[in-house]
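**Q** Before anything else, here's the structure in question.
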Amino acid sequence: MKRQLSASAALLTAVAAPAVHAAGSDMLRLAMVGCGGRGTGAMMDALSARRGLKIVVMADAFEGRLSSAWQNVNDMVSGTDGAAGWFDVPAERRFVGLHAYEEAIACDCDIVALCGPPGFRPIQYEAAVAAGKHVFLEKPVATDAPGVRCVMATNQIAKSKGLSVAVGHHLRHEVKHKEAISRIHDGSIGELKYMRIYFDDSGIWTRPRQANQTELEFQVQNWYHFVWLSGDHICEQHVHDIDVANWMAQGHPVRAIGMGGRMRRDPKTSEIFDYHAVEFVYPNDVRAFSFCRQIPNCWNSFSEHAHGTKGRVDIEGHGAATVTMDGQTPLRVERGPDGHRLEWEYFLDSLRNGKQQFDADWATESTMASILGRMATYSGAEVTWNDAIQSETNYSPEWTDWNSEPKSKPDANGNYATAVPGVTPAL
Ligand SMILES: NC(=O)c1ccc[n+]([C@@H]2O[C@H](COP(=O)([O-])OP(=O)(O)OC[C@H]3O[C@@H](n4cnc5c(N)ncnc54)[C@H](O)[C@@H]3O)[C@@H](O)[C@H]2O)c1
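Residue numbers (my numbering): 580 to 1006.
Dropping the structure here:
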């Protein structure tokens, strides 16, 4: 978070004037919903793109998150030229609560960015498109199959209205991913046979339970640890690599088997697995071997690899890519600019040029593939895409306010249950 702050601030101060549209009604107006780590980073990335964008609305479930995000962005723009033209979010356009997104969407804005927990994404996206806004969706776009179907329906409406929808799969914009994957598609490594994808790291935060906090409030504060909100880390985080596998294979998996479990997480604060290992099967029997883990002191990797009949491609998420073709010197492609900023440059340029950008179809497939993988690891069964996408399992509670009851609650000992392979149903 700190790193993003200073990098973006440096970018803003290094350039003398906004690149395209200086001020006034010509500015694109952005409403940010979900002002945590990524929401704040996305505001900075969007401003750093310098495409005539102005942030005019902010909304978050919690007052503290909203005010610290406002302060961080305000600090970043303060002292830079044109600051007032870029960031104009007075108190009356700062909204707090579970329904804050509705107030944000109702404001006079061109783009709504949805950067809160993915469990809320389907309804927030539906509302933004109904209001005729262009949308930036963080990934994943849903956490279960009913959510995916809701997003698919909204995608159709957005397209018919000519709205642009960008999705925060920043790897799609990284120079080294584009170059390396084009080499797979142009046949440089022969016929694609299998892929290996990894998101293994040490873990994620927990926010301690507070006195007088309702169960729903605790879960939303700790959204990562609850399936209805995050989809588990195979969906929340590993979806980046699963998306790259879909991109490499030019489609989605048709079935999956997998295994996983919860060994290290505290059952008093979390219901998700620590690790998932999945074999995804794509058309033509192409396989993707997928591994994600959140356990400290283990081997870590954030990378994607493709193996063909005449070579291979190796891509480091935060580093360079290497294309190795049989009999030739390996080609190394450096990372280039951060995809988080590039994704805003492309999105804002497309809006400026009146060209509809629509990332949501492939991004919805990637989210669904990650849910397919979770169904396989939670159940231990082989699961097909066609069955998975029709699943009626809806993890989300019917919520209206902070007193609404989540579906999963701690047992008498204060522990949250987790999935049990061989017992938990696949669908
Ligand atoms: N593309 C990337 O590289 C990347 C990186 C990190 C996170 N993300 C994604 O961004 C999203 C947010 O992750 P984060 O790391 O910023 O988490 P975070 O916990 O830091 O922020 C989430 C914010 O959403 C708020 N929120 C919760 N419920 C809300 C609601 N109903 N309406 C409005 N706001 C609500 C929270 O209070 C919090 O401020 C996730 O989908 C995550 O997967 C993407």
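The beta carbon of each residue, even a glycine, is placed where N, CA and C say it ideally should be.
In three-state DSSP terms, what is LEU927?
**A** helix
**Q** Measuring alpha carbon to alpha carbon, tell me which of THR848, GLN800, ASN734 ends up nearest PRO696.
**A** GLN800
**Q** Grouping DSSP H, G and I as helix and E and B as strand, with all else coil, what is VAL754?
**A** In the three-state DSSP reduction, VAL754 falls in the helix class (H, G or I).
**Q** Can you tell me where the alpha helix (DSSP H) holding GLN703 begins and where it ends?
**A** Taken as a continuous stretch (DSSP letters only), the alpha helix (DSSP H) holding GLN703 covers 700-709.
**Q** Is the Cβ-Cβ distance between CYS814 and SER983 less than 7 Å?
**A** CYS814 places its beta carbon 7 Å or farther from that of SER983.
**Q** If contact is defined by three or more beta carbon pairs under 8 Å, each pair taking one atom from either stretch, is the region 768-782 in contact with the region 883-897?
**A** yes
**Q** Starting from PHE797, trace the alpha helix (DSSP H) both ways and give me its first and last residue.
**A** 794-800 is the extent of the alpha helix (DSSP H) around PHE797.
**Q** Decide if ALA709 is buried, meaning its Cβ has at least 16 other Cβ atoms within 10 Å, or exposed.
**A** exposed
**Q** For ASP822, which residues from the same chain have a beta carbon less than 6 Å from its beta carbon, with the 5 sequence-adjacent residues on both sides left out?
**A** HIS748, SER945
**Q** Given this structure, state the Cα-to-Cα distance separating ASN932 from CYS694, to the nearest angstrom.
**A** In a straight line, the C-alpha of ASN932 is about 25 Å away from that of CYS694.
**Q** Give a single yes or no on whether PHE674 has its beta carbon closer than 6 Å to a heavy atom of ligand 1.
**A** no
**Q** Work out the CA separation of VAL727 and PRO989 for me, nearest whole Å.
**A** 27 Å
**Q** Would a C-beta distance cut-off of 7 Å place THR733 and TYR773 closer than the cut-off?
**A** No, these two residues do not count as a Cβ contact at 7 Å.
**Q** Pick out whichever of ARG788, TYR861, ALA745 has its Cα sitting closest to the Cα of ASP845.
**A** Ranking ARG788, TYR861, ALA745 by Cα distance to ASP845 puts ARG788 first.
**Q** Any idea what DSSP makes of TYR773, helix, strand or coil?
**A** Of the three classes helix, strand and coil, the one that applies to TYR773 here is strand, per DSSP.
**Q** Applying the criterion that 16 or more other CB atoms from any shown protein chain within 10 Å of the CB defines a buried residue, is THR908 buried or exposed?
**A** exposed
**Q** Would you kindly check if the distance between the Cβ of MET655 and the Cβ of LYS633 is under 7 Å?
**A** No.
**Q** Using a Cβ-Cβ cut-off of 6 Å (strictly less than) and excluding sequence neighbours within five positions of GLY959, which residues of its own chain qualify?
**A** PRO1000, GLY1001
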